[in-house]
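Heads up: the sequence shown begins at 107 in the working numbering, then just goes up one per residue. Built from N, CA and C at the ideal position, the CB exists for glycine as well. Predicted model only: the values in this text are computed from it and were never measured. Below: one structure, written as structure tokens.
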Amino acid sequence: MNFMPAIERSMGAKEEYDRRLDQLKQIQRRLKQRDPLFISAKLIVGLITIILGIWLAKYHAAQIAFLLLPVATLILLFLLHERVLAALRKNSSLVANYDQGLARLEDRWSGSGPTGEQYLQQATGSLIHPAPDAHPYARDLDLFGTGSLYQCLCTARTHVGRDMLAAWLLAPAPVPEIYARHEAVRELAPKLDFREQLALAASALEEKNVRTGKAPESLADWSESVSGPERRLRLPAILLAITWIAAVIVWQLDPKVNGHSFEWLAVAGLATFVTIGVGSRSRAQVAHSAARIEAATSDLDVLKNVLRTIEQQPFSSSKLQALQSQLHEKDVLPSQALGRLIRRVDWLSSADNWFVKILDRFIHWRLLSVIAIEDWRREHGASVRSWLVAIGEIEALTAFAIYAYENPLDSFPAFTEQSLVHGEPYFDATDFAHPLLPRSRTVTNSLRLDRERQLIVISGPNMAGKSTFIRSVGINVVLAQAGAPVRAASMRLSPVNVAASICILDSLQGGLSRFYAEIMRLKHIDTLSRQPTPVLFLLDELLSGTNSHDRRVGTESMVRSLVSRGAIGLVTTHDLALAEIATSMGAHAANYHFEDRYENGELHFEYKLTPGIVQTSNALQLMRSIGLEV
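Listed below in structure tokens is the structure:
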């Protein structure tokens, strides 16, 4: 048996994670020791301040200014304590980050982290209401859900990063884009410090999104909108505000000059009347715009930190440089542009101050703040969505880079030049395995499919590894076409449309039998096979919901049709009659099998793909092993 060496697995990554985790925990212990000290100090100084204030007020009111010293001390303690708490939050986030890394390295990751179930439902529909053109492999290859490929890979913190990773797994990229991602992943893999900074900044963004119930996409939606108060109101509002302020100041400071007190009062009154009138006409629109701005800009500070982290990192790969260029569409950097927006949003927020509220009708503070923010939107709004896309792509690339760093034995696939020109199907992988299985329990296999040998029929007993094998083929091809490393010593393939019929479920509420759901999937695969890109089909126990004769005829008809259109693929079966399909198709097909052996009352599985038709069966032995009398 050819097991991958478990001892070699990611020792460099584990040692580095352990080292960093040890340093972080030492810092965490020191910070936790300071926390109660600051709490005690604040209580003592606060109590002293109260007692001193009472004593001075009662006996030495003239020396009340001495109270400023303990008050200043208390303020300083609050500021210093907040810095300690912020450092503790940052430290805890990094500890959790490396704990998750160690969990992946030690195969304890399943059940923790995002599952991506929402993407599965979007791609395939629900069981009750399946999508008419359900995704051809998302459910069958365990892309999403607990213990899924997505849960294993997803280290993205933001919604845009998670959406991007899911999109890459659900649709193959063009070959030039795949190679560009390979280059970027290789560059990012050893950049632990950058990945650490990005994780911190993105975690803060996600935490704020959870607290506010909003996502950065709301900022993009607002930035692309066209509503807002008219800019032509700016100059009248400024002139009226200046006139009103000047009239009020002169009236108050110089009421008796040459007996013109009444004239200045009249000017102030007229300015007040006109100002209120102009403000009334725009008040509803300003209120509407202000509400939309406040809803869309709740996380600007943390989004700015994410962008600044990316902007400041030097990159050499073409893909990462292109993403940085995507952020540099204008002379100003996105983080700088967001800094300007933050200041203008702060102006708008200050309008909620009771003093500003009183004067707002006369000085148009809210109106002018909204117009200033609308000016920003007109200048930078069209770029916001591209900023978010760049963040999403870098987070998705970082997820692949972390996987590559933690799995150095995995390889980057290559794509055949001949297939790119002529559209010929090709798949050749040596020593490959399922990437979600622990290496210590993994048996590798090799497989080649091409124009000469398009079909492999795999027979074998229960639990021998047939379904896991074809899932291994499919999930590695998905990784390859997403731009990630694959669990193989080497892999060379052509662009293909992966299509699988492995995990077909019925639906009682939807009135859908398993057999009907399966033939719907076959129809979808048949449609895909008529497209220019060849299909890689993975069919597990096809048409098991009908009788042996119909299964034999239906399966042979289906695979012959697919092969005639240039598809390549695998079919597994318990029914040895189906093995005759490969025999009847000559050199274009072959029979392989997995086998077991029964020794000392126990079943032993080899999990090795072997030429020929299986000669053993274990159904009766399995039934007897659990106590059934047969």
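DSSP on Tyr532, reduced to helix/strand/coil? Here the question's residue 532 lines up with position 426 in the sequence shown. Three-state result, Tyr532: coil.
Range covered by the alpha helix (DSSP H) that runs through Met664: Translated into the one-based positions of the sequence shown, residue 664 becomes position 558. Per DSSP, Met664 belongs to the alpha helix (DSSP H) from 654 to 670.
For Tyr698, name the three-state secondary structure that DSSP assigns. Position 592 of the sequence shown holds residue 698. If DSSP states are grouped into helix, strand and coil, Tyr698 belongs with the strands.
Assigned exposure category for Asp128 - 16 Cβ within 10 Å defines buried: Numbered from 1 along the sequence shown, position 22 holds the residue referred to as residue 128. By the neighbour-count rule (16 or more Cβ atoms within 10 Å), Asp128 is not buried but exposed.
Would the beta-carbon of Leu306 fall within 9 angstroms of that of Lys196? Locating residue 306 in the sequence shown gives position 200, counting from the first residue. Locating residue 196 in the sequence shown gives position 90, counting from the first residue. Cβ atoms of Leu306 and Lys196: closer than 9 angstroms.
On the premise that Ala193 lies in contact with Leu137, defined as a C-beta separation below 8 angstroms, what is that separation, rounded to the nearest angstrom? Position 31 of the sequence shown, counted from the start, is the residue given in the question as residue 137. Position 87 of the sequence shown, counted from the start, is the residue given in the question as residue 193. Yes, they are in contact, since the Cβ atoms of Leu137 and Ala193 sit about 6 angstroms apart, within 8 angstroms.
Rounded to whole angstroms, what's the CA-CA distance from Leu233 to Arg557? Just pull it up for me. Indexing the sequence shown from 1 puts residue 233 at position 127. Indexing the sequence shown from 1 puts residue 557 at position 451. With a pLDDT of 41 at Leu233, under the threshold of 50, the predicted position of this residue should be treated as unreliable, and no value is reported.
Residue range of the unbroken alpha helix (DSSP H) whose run includes Ile477: As a working note, residue 477 is residue 371 in the sequence shown. Looking at the DSSP string, the run of the alpha helix (DSSP H) that includes Ile477 is 471 to 512.
What separation, rounded to the nearest whole angstrom, lies between the Cα atoms of Gly589 and Ser670? Against the sequence shown, residue 589 aligns to sequence position 483. Against the sequence shown, residue 670 aligns to sequence position 564. If you take the alpha carbons of Gly589 and Ser670, they lie about 30 angstroms apart.
Determine the DSSP secondary structure at Val604, reduced to helix, strand or coil. If you number the sequence shown from 1, residue 604 lands on position 498. Residue state, collapsed to three classes: strand.
How many Å lie between Ser667 and Thr639 at the Cα? In the sequence shown, the residue the question calls residue 667 occupies position 561. In the sequence shown, the residue the question calls residue 639 occupies position 533. Going by the C-alpha atoms only, they are around 16 angstroms apart.
Who are the near neighbours of Gly718 in its chain, counting only those whose CB is closer than 8 angstroms to its CB and skipping five residues on each side? Within the sequence shown, the letter at position 612 stands for residue 718. Within the same chain, Gly718 has close Cβ partners Asn697, Tyr698, His699.
C-alpha distance - Val412 paired with Leu433, whole-angstrom precision: If you number the sequence shown from 1, residue 412 lands on position 306. If you number the sequence shown from 1, residue 433 lands on position 327. So the alpha carbons of these two residues sit roughly 12 angstroms apart.
Delimiting residues of the beta strand (DSSP E) encompassing Leu454: By one-based count along the sequence shown, residue 454 stands at place 348. Looking at the DSSP string, Leu454 is not in any beta strand (DSSP E); the run it does join, the alpha helix (DSSP H), is 440 to 456.
Span separating the alpha-carbon of Arg125 from that of Ile133: Within the sequence shown, the letter at position 19 stands for residue 125. Within the sequence shown, the letter at position 27 stands for residue 133. Approximately 13 angstroms between the Cα atoms of the pair.
Per-residue DSSP class, three states only, for Ile399: As a first step, residue 399 is located in the sequence shown; it is residue number 293 there, counting from the start. Here Ile399 sits in helix by DSSP.
Beta carbon of Trp215 nearer than 9 angstroms to that of Gln206: The residue given as residue 215 occupies position 109 in the sequence shown. The residue given as residue 206 occupies position 100 in the sequence shown. Yes, these two residues count as a Cβ contact at 9 angstroms.
Euclidean distance between Cα positions of Pro544 and Cys258: Walking along the sequence shown from the start, residue 544 turns up at place 438. Walking along the sequence shown from the start, residue 258 turns up at place 152. Straight-line Cα distance between these residues: approximately 12 angstroms.
Using a Cβ-Cβ cutoff of less than 6 angstroms, which residues in the same chain neighbour Leu555 once the five nearest sequence positions on both sides are dropped? Sequence index remark: in the sequence shown, residue 555 carries index 449 (1-based). Within the same chain, Leu555 has close Cβ partners Phe533, Ile674.
Okay, do the stretch 267 to 285 and the stretch 487 to 507 touch, 3+ Cβ pairs below 8 angstroms being the bar? yes
Bridge partner(s) assigned by DSSP for Ile564: Position 458 of the sequence shown holds residue 564. DSSP lists Thr678, Tyr698 as partners of Ile564.
So, are the CB atoms of Pro573 and Thr678 less than 9 angstroms apart? Here residue 573 refers to the residue found at position 467 when the sequence shown is read from its first residue. Here residue 678 refers to the residue found at position 572 when the sequence shown is read from its first residue. Correcting the residue identity first, residue 573 is Ser in this sequence and not Pro. Yes; because the gap between Cβ atoms is below 9 angstroms, this pair is in contact.
Count the other CB atoms within 10 Å of the CB of Ser218; is the residue buried (16 or more) or exposed (fewer)? For the purposes of this step, residue 218 is identified with residue 112 of the sequence shown, where counting begins at 1. Ser218 is exposed by the Cβ-count criterion.
Tell me which residues share the same chain as Ala279 and place their Cβ nearer than 8 angstroms to its Cβ, disregarding the 5 neighbours each side in the sequence. The count along the sequence shown starts at 1 and reaches residue 279 at position 173. Only Arg287, Gln587, Ala588, Gly589 meet the Cβ criterion.
Within its chain, find whatever has a CB closer than 7 angstroms to the CB of Val190; leave out the 5 residues flanking it on each side and keep chain order. Here residue 190 refers to the residue found at position 84 of the sequence shown. Cβ within range, chain order: Leu137, Arg140, Asp141, Phe144.
Please report how far the alpha carbon of Pro514 lies from the alpha carbon of Gln228, in whole angstroms. Your numbering for residue 514 matches position 408 in the sequence shown. Your numbering for residue 228 matches position 122 in the sequence shown. So the two alpha carbons sit approximately 33 angstroms from each other.
Return helix, strand or coil for Phe518, following the three-state DSSP convention. To locate residue 518, count along the sequence shown from 1; it is residue 412. Correct three-state label for Phe518: coil.
Roughly how many angstroms lie between the CA atoms of Gly408 and Ala308, to the nearest whole one? Numbered from 1 along the sequence shown, position 302 holds the residue referred to as residue 408. Numbered from 1 along the sequence shown, position 202 holds the residue referred to as residue 308. Reading the sequence as shown, one finds Val at residue 408 and not Gly. Cα-Cα distance, rounded: 8 angstroms.
Ser578 - DSSP class collapsed to helix/strand/coil: Indexing the sequence shown from 1 puts residue 578 at position 472. The answer is helix: DSSP assigns Ser578 an H, G or I state.
Rounded to a whole number of angstroms, what is the C-alpha to C-alpha distance between Val201 and Ile508? Translated into the one-based positions of the sequence shown, residue 201 becomes position 95. Translated into the one-based positions of the sequence shown, residue 508 becomes position 402. Approximately 16 angstroms between the Cα atoms of the pair.
Residue range of the unbroken beta strand (DSSP E) whose run includes Arg214: What you label residue 214 is simply residue 108 of the sequence shown in a count that begins at 1. Note, Arg214: premise wrong, no beta strand (DSSP E); not H, not E.
Look up Arg598 in the DSSP assignment and give the residues it is bridged to. The sequence position of residue 598 within the sequence shown is 492, counting from 1. According to DSSP, which records beta bridges pairwise, Arg598 is partnered with Ala520, Asp534.
Counting pairs of beta carbons, one from the stretch 283 to 303 and one from the stretch 249 to 256, are three or more of them closer than 8 angstroms? no
What number of angstroms, rounded off, separates the C-alpha of Ser116 from the C-alpha of Ser431? Taking the first residue of the sequence shown as 1, we reach residue 116 at position 10. Taking the first residue of the sequence shown as 1, we reach residue 431 at position 325. Here Ser116 scores only 46 on pLDDT, less than 50, and its place in the model is too uncertain to base an answer on.
For Pro420, count neighbouring C-beta atoms within 10 Å of its own C-beta (all shown protein chains included) and say buried if the count is 16 or more, exposed if not. Within the sequence shown, residue 420 is the residue found at index 314, counting from 1. Exposed.
So Tyr285 packs on Val584, CB below 8 angstroms; how close in whole Å? Along the sequence shown, read from residue 1 onward, the residue named residue 285 stands at position 179. Along the sequence shown, read from residue 1 onward, the residue named residue 584 stands at position 478. Between Val584 and Tyr285 the Cβ distance is about 17 angstroms, and since that is not below 8 angstroms, they are no contact.
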